[in-house]
Amino acid sequence: MSATPRSEVKLEETWNLEDLFKTAGDYEARVKEIEEGAAAFAEKYKGKVTDGQNALKALKDYEKLYEQIIPAGTYVSLLQSEDQTNSESQMRAAKFGSVMAKIGATLSFFESELSELPEEELKSAMDQSEEFRVYLADVLRFKPHRLHPEVEKTLAAFGSTFDAPYDLYNVTKLVDINFPDFQADGESFPNSYNLFEGEWETDPDTEKRRAAFKSFYGKLADYQHTTAKTYDMHLQIEKTNADLRGFQDVFESLLFNQQVDRELYDRQINLIMSELAPHMRKYAKLLQKAHGIDRMTFADLKVPLDPSYEPKITIEESKKYIFEALSIMGDDYSEMLKRSYDERWTDFAQNKGKSTGAFCSSPYGSHPYILISWTGSMEDVFVLAHELGHAGHFYNAHNHQGVFNARPSLYFIEAPSTMNEMLMANHLLKNSEDPRFKRWVIASIVARTYYHNFVTHLLEAAYQRKVYERIDAGENVNAGILNDLKRSVLEEFWGEDVTIEEGAELTWMRQPHYFMGLYPYTYSAGLTVSTQVSKRILEEGEPAVQDWLKVLRSGGTKTPVELAKMAGVDITTEQPLRDTIAYIGSLIDDLEKLTQEIESAEVK
1 MSATPRSEVK LEETWNLEDL FKTAGDYEAR VKEIEEGAAA FAEKYKGKVT DGQNALKALK
61 DYEKLYEQII PAGTYVSLLQ SEDQTNSESQ MRAAKFGSVM AKIGATLSFF ESELSELPEE
121 ELKSAMDQSE EFRVYLADVL RFKPHRLHPE VEKTLAAFGS TFDAPYDLYN VTKLVDINFP
181 DFQADGESFP NSYNLFEGEW ETDPDTEKRR AAFKSFYGKL ADYQHTTAKT YDMHLQIEKT
241 NADLRGFQDV FESLLFNQQV DRELYDRQIN LIMSELAPHM RKYAKLLQKA HGIDRMTFAD
301 LKVPLDPSYE PKITIEESKK YIFEALSIMG DDYSEMLKRS YDERWTDFAQ NKGKSTGAFC
361 SSPYGSHPYI LISWTGSMED VFVLAHELGH AGHFYNAHNH QGVFNARPSL YFIEAPSTMN
421 EMLMANHLLK NSEDPRFKRW VIASIVARTY YHNFVTHLLE AAYQRKVYER IDAGENVNAG
481 ILNDLKRSVL EEFWGEDVTI EEGAELTWMR QPHYFMGLYP YTYSAGLTVS TQVSKRILEE
541 GEPAVQDWLK VLRSGGTKTP VELAKMAGVD ITTEQPLRDT IAYIGSLIDD LEKLTQEIES
601 AEVK
């Protein structure tokens, strides 16, 4: 239960952060080493990055310093994520943020001096070093948007201040908000972020589910004005940054590093809002009929189609499914999966203050770390497969690329993770002819994989676009405005088939993604790619697997369009997205047919 203090959870259900630093003292020594290294780097190179050769020499030292910083930053971040209520972890993270802001100011001269080099010098250095080609290409691309060196230094010094809205959001969400117990069926039940998202939101008991919903959103409402002001601060920082750097608008600024244009971004949102909505409304009606719900509401959308057939599974039992489903990726990938269990890469525990949802952190030079709150539902296996997709991506990229070449565009980040969900589903479907089991698997794909990535995150993206349009027009936001914008998106998508009851508009308060730029839409973008590649793997087998492994190993050396093309998908056209939407529609049709088949058999 998430009310359990971190000190009381089982050691074997926690991640092993000693692989990063054996002791807190080792971490502190590393921070001191980083501070000294940054000062030495500035003394050695400031004012001396005058040509391509000096640039390459400095980059080698800069790379070493960067590789020292990554595990330290990961360490403080993971400690904070496992328990936001731990004041020592809070203070450690705050101190690290302040130290990194100072180091950022100290090192800001480097990219400024690189940017001031003539274009031919930068291109010559790129030709001489594959290792730093991507980094220098980014410097060259960003050149028109770089400010005066002293301005860059000042902005870098404010780094931790600019990060403060996100930190404040997390403290409000995970430390200050305490959810009251709620009443249902004459009983009292505890509530929290993790309990609501892990249990109550999908509970088949309509009275309990709706009571939990009302309790959860009722408490969120108490904090809506503070959270909205926090978010508005973040938005104004992004707008100011975009304006200062000469971007046309916030969208151009945030899409710049993703290496995709506005067309790909808008297409993802527009097509799904218009063409997926009818399929999902059909799915909502199927849920309504299956559960005998008089009026379908937003609180009912995540109830499982057949809750009586929801398999329960332990962490130990999950190994079988993970290994069997993902072994198609080859021996090296399978070894990584085994290590993830044996070496405690994953934090499975449920405890008070733990970050909600799930994520994978993949520090260069170390193994990945995964956070998940294990509930014992079979759905957790899909979540774990998803996060292991991220792990497998960076495990491969880090083994084949240098630190500056390893990370791909944010646009592509969710493709390897959602690919693993598809591989899991394909494996389960292939190994059973039982109609009820097949319905459960397909329902899991629709309700978890596609609903989560193509509906939940896409509706976040559609809402987020409305917010940024307002910010670009010179406006601010408050709780009332954000509520109205979120409600309008939900009502547009679900139409008259789902009642968007009071509280649903506060869904914008639940996700940290809004503090991470244009991230929400990338889930559906990644799943579009992985859906098409998983079909290739089903049809072609090993050749398609090898193409996908090449994509993973390429890291960030290619653009999203190039990576997708390597895997056999052309994302410059609408076709992959239209095909994926049609595939989702076919899955919902399959659910209807299987339900009819099962009901007919039960009548006989």
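Residue numbering for the sequence shown follows the UniProt record's numbering, beginning at 1 and increasing consecutively. Virtual Cβ for every residue (Gly too), placed ideally from N, Cα, C.
*Expressed to the nearest angstrom, what Euclidean distance is found between the alpha-carbon atoms of Asp497 and Ala242?*
Cα to Cα, Asp497 sits roughly 40 Å from Ala242.
*Around the C-beta of Lys44, are 16 or more other C-beta atoms found within 10 angstroms, so that it is buried, or is it exposed?*
Exposed is the call here.
_8 Å contact criterion, which Asp472 and Val250 should meet: CB distance rounded_ = 6 Å between Cβ atoms; contact.
*How far does the alpha helix (DSSP H) with Phe382 in it reach, from first residue to last?*
DSSP places Phe382 inside the alpha helix (DSSP H), whose first and last residues are Glu379 to His400.
*Under three-state DSSP, which class holds Tyr135?*
For Tyr135, the three-state secondary structure derived from DSSP is helix.
*Identify whether Thr297 lies in helix, strand or coil by the three-state DSSP scheme.*
Strand.
*Local Cβ density within 10 Å of Lys173, reported as buried at 16 or more and exposed below that*: Buried is the call here.
_Opening and closing residue of the alpha helix (DSSP H) in which Glu116 lies_ = Note, Glu116: alpha helix (DSSP H), Ser87 to Glu116.
*contact_flag[the region 300-313, the region 510-526] where n(CB pairs < 8 Å) is 3 or more*: Output reads no: the region 510-526 does not touch the region 300-313.
*Would you check if there are 3 or more beta carbon pairs closer than 8 Å linking the region 30-39 to the region 332-351?*
The region 30-39 vs the region 332-351: no contact.
*Spatial distance of Leu59 from Val49 (CA atoms)*: C-alpha separation (whole angstroms): 10 Å.
_When you compare the CB positions of Thr356 and Ser530, do they come within less than 7 Å of one another, or not?_
In this structure, Ser530 does not lie closer than 7 Å to Thr356 by Cβ.
*Do Ser373 and Asn194 have their C-beta atoms within less than 7 Å of each other?*
Yes, the pair counts as a contact, with Cβ atoms nearer than the cut-off.
*How about Asp442 and Leu587: are their beta carbons less than 7 Å apart?*
The question names Asp, but residue 442 is Ile in the sequence shown. Ile442 places its beta carbon less than 7 Å from that of Leu587.
*Could you pull the start and end residues of the beta strand (DSSP E) that Gln183 belongs to?*
Judged by DSSP secondary structure, Gln183 falls within the beta strand (DSSP E) whose first and last residues are Phe182 to Ala184.
*Would you tell me roughly how many angstroms separate the C-alpha atoms of Trp557 and Glu82, rounded to the nearest one?*
Note on residue identity: the sequence assigns Thr, not Trp, to residue 557. Spanning the two alpha carbons is a distance of roughly 32 Å.
*Could you name the residues of the same chain whose beta carbon sits closer than 8 Å to that of Ile315, not counting the 5 residues immediately before and after it, in chain order?*
Result list for Ile315: Glu13, Phe348 and Trp374, in chain order.
_Among Met273, Phe394 and Leu428, whose alpha-carbon lies nearest the alpha-carbon of His457?_
For the options Met273, Phe394 and Leu428, the alpha carbon positioned closest to that of His457 is the one of Met273.
_Distance between Thr85 and Met91 (C-alpha atoms, nearest Å)_ = C-alpha of Met91 to C-alpha of Thr85: approximately 11 Å in a straight line.
*Output the residue ranges of the alpha helix (DSSP H) runs that lie fully inside the region 166-205 and measure 4 residues or longer, sorted by chain position.*
The qualifying runs are 193-198.
*Below 7 Å CB to CB, which residues in the same chain sit around Ser7 once its five sequence neighbours on both sides are set aside?*
Closer than 7 Å at Cβ, skipping near neighbours: no residue.
*What do you get for Phe323, buried or exposed, if any count of 16 or more other CB atoms within 10 angstroms of its CB means buried?*
By the 10 Å Cβ count, Phe323 comes out exposed.
*What are the boundary residues of the beta strand (DSSP E) that includes Leu371?*
Segment Tyr369 to Leu371, the beta strand (DSSP E) holding Leu371.
*Hey, which unbroken runs of the alpha helix (DSSP H) at 4 residues or more fall wholly within the region 195-274?*
Entirely contained in the region 195-274, the alpha helix (DSSP H) runs reaching 4 residues are, in chain order, 206-222, 224-244, 250-256 and 262-271.
*asked:* Within 10 Å of its beta-carbon, does Asp331 have 16 or more other beta-carbons around it, so buried, or fewer, so exposed?
replied: By the Cβ-count criterion, Asp331 is exposed, with fewer than 16 other Cβ atoms from all chains shown falling within 10 Å of its own Cβ.
*Can you tell me the Cα-Cα spacing of Phe110 and Phe382, whole angstroms?*
Using only the alpha carbons, I get a separation of about 43 Å.
*Going by alpha carbons, who is nearest to Ser98 out of Asp167, Lys57 and Tyr521?*
Just measuring C-alpha positions, the residue of Asp167, Lys57 and Tyr521 sitting nearest Ser98 is Asp167.
_Would Met329 and Tyr395 be called neighbours here (beta carbons separated by less than 7 Å)?_
No; because the gap between Cβ atoms is not below 7 Å, this pair is not in contact.
*Are the region 176-186 and the region 357-366 in contact at 8 Å, needing three or more beta carbon pairs?*
Contact between the region 176-186 and the region 357-366 is absent, because fewer than three Cβ pairs lie under 8 Å.
*Just to confirm, are Thr202 and Pro118 a CB contact at a threshold of 7 Å?*
No, Cβ-Cβ distance for Thr202 and Pro118 is not below 7 Å.
*asked:* Starting from Phe359, trace the beta strand (DSSP E) in both directions and tell me its first and last residue.
replied: Segment Phe359 to Ser361, the beta strand (DSSP E) holding Phe359.
*Counting only the same chain and skipping the five closest in sequence on each side, list residues whose C-beta sits under 6 Å from that of Ser377.*
Contacts found: none.
*For Gly480 and chain C, any beta-carbon pair shorter than 7 Å?*
Structure shown: chain C not included; a single protein chain is present.
*If you draw a straight line from the C-alpha of Ala391 to the C-alpha of Leu65, how long is it?*
Rounded to whole angstroms, Ala391 to Leu65 spans 24 Å at the Cα level.
_Buried or exposed (CB count within 10 angstroms, at least 16 for buried), Met1_ = Any reading at Met1 is ruled out, since the residue's pLDDT is 39, under 50, leaving its predicted position unreliable.
*Can you give me the Cβ contacts of Pro404 inside the same chain, cut-off strictly under 7 Å, excluding the 5 residues immediately before and after it?*
It should be noted that the sequence gives Phe, not Pro, for residue 404. Non-local C-beta neighbours of Phe404 in its own chain, meaning closer than 7 Å and more than five positions away in sequence, comprise Glu63, Phe132, Val134 and Tyr135, ordered along the chain.
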